[in-house]
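Structure record follows, encoded as structure tokens.
Numbering (the numbering used here), first residue to last: 144 to 588.
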């Protein structure tokens, strides 16, 4: 326990109150993980807490929470409380302060999050949290239906904790999720986004399968449910579209953009599926459709614009050049589309896509990815132009040659860039100027 947490608890106890570290910090400490935050619970009321410490902030005083500032750190100190009726499935209508630690722990979501600790009493585990930690189980405190009825987001949290810790969800708890999954509609997109991001960046992102099986994705991600039911009858694949997406997430690092890209890279396949006379499925044009669907989904969950742009880019070009070995020209054109800054992510996505397919031609496909890496790196090492910023001529020079200011300058620049992508040797001022003159003559005829 950090010294400052101990100092706060000691100050509370010296004044005649109880004080404990509580919740996730206790759980993570027992698991040998470094807690992100240290929350403290106490029998003191918020006003009593404020009298004991020189610097405090009323961060949630209506719910009993005061932030105590020590040095450059803040620690939330919350009065023991009993939650009132949850009328909206999200927040209690009112809270009642209580001097009883047992009542405070009873209102918490899962047994592994309902333990408290201080140095004088040690671990306080009234609901079997220690045993559930040892068994690797996510189990509600008390009645699962009551806990999920109070706050429907707890159902997503159950799946998320399972994914983060590699635990299973206790059967009664899982059954309650299935029964109450529809209540997730009451939860804001931002709160769902937070849990989904933590889930997909965990060690077990494929535990999203549990959210599907329990009916949660049907509420916030129905496109995924369709993907889980879409077969891929093709020698290159061995999973449904949805299972392919889950397996693909396992093949990239636990980065938000990469994991979301793999989750969404084929989400448009069901919408583009055709079946030929032999019964083989085809998904022509699915990258573009997937990119648009990915953007709509991410906007629906209120992701930031930068994440949306990056995921859209990687999904749109996730199989660019997959069917051919690269040449320097193709490598330059690929870098034009994705940008040098995203080359590594592009290659990671390509590789993960292959590893989540069948074994058919896998070695050849992986060799293709390696060849793309080699060619793209060579283009960058040679300093060849891949975008307008690399052209040796600009808009001012083109206007000096007689090209009218406005859209025509942009058209000319794109034409010259295309020439240079085909032949880097043409990226010289005198050559580009001459080419621009010829272009102007042809387009004015």
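Each residue gets a CB set at the ideal place from its N, CA and C atoms; glycine is no exception. Since the model is a prediction, treat every value here as computed from it, not as a measurement.
- In this structure, residue 185 lies away from residue 216, with their beta-carbon atoms at least 8 Å apart.
- Out of 254, 356, 567 and 296, the CA that lies nearest to the CA of residue 285 is found in 254.
- Excluding sequence positions up to five before and after residue 257, its CB lies within less than 6 Å of the CB of 248, 251, 270, 272 and 284, all in the same chain and listed in chain order.
- A straight-line Cα-Cα distance of about 20 Å links residue 244 and residue 274.
- Shortest Cα-Cα distance from residue 586 to any of 329, 163 and 545 involves 545.
- Using a 10 angstroms sphere on the CB of residue 508, the tally of other CB atoms reaches 16 or more, which defines it as buried.
- Cβ atoms of residue 436 and residue 411 come within 8 Å of each other, at about 5 Å.
- Ranked by Cα distance from residue 329, the options 362, 550, 301 and 484 are led by 362.
- The Cβ atoms of residue 527 and residue 476 lie no closer than 8 Å to each other.
- Distance from the Cα of residue 293 is smallest, within the candidate group 515, 320, 149 and 195, for 320.
- In this structure, the beta-carbon distance from residue 368 to residue 384 does not fall below 8 Å.
- By the criterion of a C-beta distance shorter than 8 Å, residue 189 is surrounded in its chain by 201, 204, 207, 208, 209 and 222, once the five residues flanking it on both sides are discounted.
- DSSP, reduced to helix, strand and coil, places residue 266 within a strand of the structure shown.
- Less than 8 Å separates the beta-carbon of residue 401 from that of residue 491.
- Relative to residue 513, the option among 499, 525, 532 and 489 whose CA is nearest is 489.
- A contact is defined here as three or more CB-CB pairs under 8 Å, and the segment 337-357 meets this definition with respect to the segment 387-401.
- Judged by DSSP secondary structure, residue 226 falls within the beta strand (DSSP E) whose first and last residues are 224-226.
- Its Cα nearest to that of residue 173, the residue 276 stands out among 276, 264, 375 and 191.
- DSSP places residue 168 within a helical segment (H, G or I) once states are collapsed to three.
- One Cα belongs to residue 302, the other to residue 486, and the distance between them is close to 33 Å.
- Rounded to the nearest angstrom, the gap between the Cα atoms of residue 144 and residue 405 is 38 Å.
- Separation of residue 309 and residue 346 (C-alpha to C-alpha, rounded to the nearest whole angstrom) is 8 Å.
- With respect to the 8 Å criterion, residue 540 and residue 562 are not classified as neighbours on the basis of their beta carbons.
- DSSP, read as helix, strand or coil, puts residue 182 in strand.
- Residue 473 and residue 482 have their C-alpha atoms some 13 Å from each other.
- When secondary structure is reduced to three states using DSSP, residue 388 falls in the helix class.
- Spatial neighbours of residue 242 in its own chain (CB-CB distance under 7 Å, excluding positions within 5 residues in sequence) are listed in chain order as 186 and 223.
- Counting only residues of its own chain and dropping the five nearest sequence neighbours on each side, residue 192 has a CB closer than 6 Å to the CB of 209 and 220.
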